[in-house]
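Trainee: If you scroll down you'll find the structure; I have some questions about it.
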Amino acid sequence: MTNRPDILCIGSVLWDIIGRTPAHMGAGADVPGRITRLPGGVAMNIAMTLGRFGLRPALLTAIGRDPEGDELVAACARMGLVIDHIYRSDDLPTDRYMAVEGGNGLIAAIADAHSLEAAGDKILRPLMNGTLGGKTAPWSGPIALDGNLTTGLLADIARSEAFAAADLRIAPASPGKAERLLPLLPVRNATLYVNLEEAGLLCHRRFDTAPEAAEALIDRGAARVLVTNGGRTTADGTADGIVTADPRPVLVTRVTGAGDTFMAAHIVAETQGHSREDALRAALDAAAHYVSGDIGS
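Numbered according to full-length UniProt numbering, the sequence shown spans residues 1 to 297.
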C-alpha cells in the first residue's frame with residue numbers, strides 16, 4: 001500500500017443546506033436569514049477538520065454519479081482529502097442534509113443519507129480487498145466512523161477482522177441514530193463520542209451530567225467514551241476513571257458540525273501524544289472556535 005492516508009473517515013459525505021438566523025425561532029416561524037450549501041456529513045466534517053490540522057484523511061463513502069456528486073467530489077479534492085476510495089454509484093443520488101438554526105440553537109434538521117445506507121458494504125471494499133487492508137493485514141491506523149450506516153452494517157463492523165487492529169473512533173451522527181451504535185458498545189478498540197442525549201438513548205435513561213453518563217456507559221461495557229453537554233462539563237471515561245473539562249464560554253453562531261469538530265480535534269491531539277486531560281481541553285477549544293464562527297466551514 002503506497003501513499004497511505006493518515007486516517008480513514010467512513011460514513012456520510014453530502015451537501016449541507018443550512019438556514020441560519022439570529023432570531024429566536026419556534027414552530028412555524030418565518031424570519032429573514034442566510035441559506036448556505038456546503039460540503040458536509042459527519043465523515044466529511046471530521047475529515048475537513050483533520051485536514052485543517054495537517055492530517056491526510058481518506059473518505060470511504062457513497063456519492064452519486066450525478067452533477068451534485070461530481071461537484072462534491074471535486075470540492076473534496078480541492079481540500080486535499082483522499083477521494084480515491086469513494087464508491088460512486090450510477091443509480092443512487094448524492095445525499096443531502098437540511099437544517100434550520102436560530103438564535104436559540106438547532107430548530108430542526110432532516111438527514112437524507114439513503115444512498116449511503118443503500119450502498120451498504122460496498123463502501124468498505126478497500127478495507128477488504130488489499131487496497132487499504134485485508135484479512136492478513138487489516139488496517140492498523142485510526143478510523144473515524146459515523147452512525148449514518150445501517151444497524152446491520154455497524155453490527156458487521158463490530159465483528160469484522162478488518163477493523164480489529166484499528167483505533168476506532170465512533171460518532172452516532174444524531175440522537176435519532178444513536179441506538180444504531182449498540183453493537184459497537186463492547187468493542188475493546190472503540191472510543192465513542194456522544195452528547196448527553198445520545199448517551200441517555202444508549203443507556204435507556206436520562207442523565208443530568210456528562211460524567212454521570214460516561215460512568216454509566218463504561219458500566220454498560222464501553223471501553224472508552226467521551227460525552228459532551230453543550231456549554232457544560234465534558235467527560236472522558238474509561239475503566240481507569242473519568243476525566244472532565246469545562247468548555248470556555250463563547251457566543252454561539254452555529255451548531256451544525258460542532259460535535260464533529262470536537263471529535264476530529266480530539267483525535268488530532270491524541271495522535272500528537274497529548275494526555276487525556278490536554279486532549280480534552282484542545283478538543284473543547286477547537287469546538288468553541290468553531291461554534292463562535294472563528295473557524296470557517
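Beta carbons are placed, not taken as given, at the ideal position from N, Cα and C, and that holds for glycine.
(1) Going by DSSP in three states, M79 sits in which element: helix, strand or coil?
(2) Over the uninterrupted beta strand (DSSP E) stretch that includes A126, give me the two end residues.
(3) At 3 residues or longer, and completely inside the stretch 32–57: list those beta strand (DSSP E) runs for me, N to C.
(4) Take every Cβ of the stretch 8–20, pair it with every Cβ of the stretch 48–68, and state whether three or more of those distances are shorter than 8 Å.
(5) Might you give, ordered along the chain, the residues of its own chain that have their beta carbon closer than 8 Å to the beta carbon of A214, omitting 5 neighbours on each side?
(6) If we count Cβ pairs, one from each stretch, closer than 8 Å, do we get three or more for the stretch 135–151 versus the stretch 38–53?
(7) Which residue's Cα is closest to the Cα of H289: W15, T253 and D156?
(8) Return yes when the Cβ of T233 is within less than 8 Å of the Cβ of P249, no when it is not.
(9) When DSSP labels each residue in this structure, what does S292 get in the three-state scheme?
(10) Identify, in the order they occur along the chain, each residue of the same chain with its Cβ nearer than 7 Å to the Cβ of M128, setting aside the five sequence neighbours on each side.
(11) Which parts of the stretch 141–185 are runs of the beta strand (DSSP E), unbroken and 3 residues or longer, counting only runs that do not cross its ends?
(12) With a threshold of 16 other CB atoms inside 10 Å of the CB of E270, please say whether the residue is buried or exposed.
(13) Cα separation between V194 and A171?
(14) Compare the Cα-Cα distances from D278 to each of P67, G28 and A245 and report the closest residue.
(15) Taking the DSSP output, what are the residues bridged to S89?
(16) Distance check for A265 and L72, CA to CA, integer angstroms please.
Mentor: Answer, in terms of the structure:
(1) M79 sits in coil when the DSSP states are folded into three classes, being neither helix nor strand.
(2) Looking at the sequence shown, residue 126 is not Ala but Pro. First-last for P126: R125 to M128, but that is the alpha helix (DSSP H), not the beta strand (DSSP E).
(3) Correct list: 34–40.
(4) Three or more beta-carbon pairs separated by less than 8 Å link the stretch 8–20 to the stretch 48–68, which places the two stretches in contact.
(5) Counting only residues of its own chain and dropping the five nearest sequence neighbours on each side, A214 has a CB closer than 8 Å to the CB of A199, V225, L226, V227, A235, D236, G237 and I242.
(6) Between the stretch 135–151 and the stretch 38–53 there are three or more C-beta pairs closer than 8 Å, enough to call the two in contact.
(7) Residue T253 holds the alpha-carbon nearest to the alpha-carbon of H289 among W15, T253 and D156.
(8) The Cβ atoms of P249 and T233 do not sit closer than 8 Å to each other.
(9) Three-state DSSP puts S292 in coil, outside helix and strand.
(10) Counting only Cβ-Cβ distances below 7 Å, and skipping sequence neighbours, we find G134 and A162.
(11) Listed in chain order, they are 142–146 and 167–171.
(12) E270 comes out buried.
(13) Looking at the two C-alpha atoms, the distance is approximately 6 Å.
(14) The shortest Cα separation from D278 among P67, G28 and A245 belongs to A245.
(15) G64, per the DSSP bridge assignment.
(16) Distance from the CA of L72 to the CA of A265, rounded to the nearest whole angstrom, comes to 23 Å.
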